[in-house]
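Numbering (mature numbering (1 follows the signal peptide of the UniProt record, and there is no 0)), first residue to last: -23 to -1, 1 to 165.
Where a beta carbon is used, it is the ideal one built from N, C-alpha and C, also for glycine.
Following this line, the structure appears as structure tokens:
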């Protein structure tokens, strides 16, 4: 192979190797419309997309459903709308968390109640064994803790390190949450 041909072949190879990266960036810019509408907190656009047949279980490139994003961002009206159109309340994201986990972690008691009304499992643990109740207790979110307890979250469950929701509340020094969990009959 002549020198000029080798240089041209090497240049073509380099361009080919960089093409997937460029394509991935382009795909990131074109997230599904439903995800974009949820990100924008546009309830009317979400409703219109769902009415036109868009799946309420659409995901972004990170495996997060529209419901996970709405719950994580504390957007209870969007959570309700997505559930009304059939979003799966217990579908996990790529790191193993449910929408209820994210709503509890955020401390959005209204979203927690909406998910529980939508039949989300209050005791489903993530990959570390942490339940939504533990997440709310860890963050000192008393309204979310109360909503989860009212929704039949089991305060006796323990994560993979052996810590209960009360243990998480005590670690975070949340006296009000720890007192509420003790009132529910939990002791460590």
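| task | Measure the alpha-carbon distance for residue 105 versus residue 147 and round it to whole angstroms. | result | 19 Å
| message | From the DSSP secondary-structure annotation, give me the bridge partner or partners of residue 135. | response | 141
| Cα-Cα, which of 95, 26, 100 is closest to residue 74? | 100
| Can you list, in chain order, the stretches of the alpha helix (DSSP H) that have 4 or more residues and sit fully within the region 62 to 145? | 76 to 83, 86 to 94, 109 to 115, 119 to 127
| Within this structure, are the beta carbons of residue 114 and residue 155 separated by less than 9 Å? | Taking 9 Å as the cut-off, the beta carbon of residue 114 is found closer than this to the beta carbon of residue 155.
| message | Let me check understanding here. Comparing Cα to Cα, which of 121, 125, 157 lies closest to residue 83? | response | 121
| query | For residue 143 versus residue 130, is the C-beta distance shorter than 9 Å? | reply | In this structure, residue 130 does not lie closer than 9 Å to residue 143 by Cβ.
| message | Taking only three categories from DSSP, how would you classify residue 42? | response | strand
| Among 116, 85, 57, 118, nearest to residue 91 - alpha-carbon criterion | 57
| field | Environment of residue 152 [buried if 16+ CB atoms lie within 10 Å] | value | exposed
| message | Can you tell me whether residue 147 is helix, strand or coil according to DSSP? | response | In the structure shown, residue 147 sits in a helix (DSSP, three-state: H, G or I).
| By how many angstroms is the C-alpha of residue 22 removed from the C-alpha of residue 43? | Going by the C-alpha atoms only, they are around 13 Å apart.
| Quick one: Cα of residue 12 to Cα of residue 80, how far? | Cα to Cα, residue 12 sits roughly 17 Å from residue 80.
| field | Delimiting residues of the alpha helix (DSSP H) encompassing residue 21 | value | Start and end: 20 to 28.
| message | Using C-beta distances below 7 Å, list every residue in its chain close to residue 49, excluding the 5 sequence neighbours before and after it, in chain order. | response | Cβ within range, chain order: 79, 83.
| task | Kindly list the residues whose CB is nearer than 6 Å to the CB of residue 62, restricted to its own chain and excluding five residues on each side of it in sequence; keep chain order. | result | Answer for residue 62: 27, 33, listed in chain order.
| message | If I measure Cβ to Cβ from residue 24 and keep anything under 7 Å in the same chain, skipping five residues before and after, which residues do I get? | response | 58
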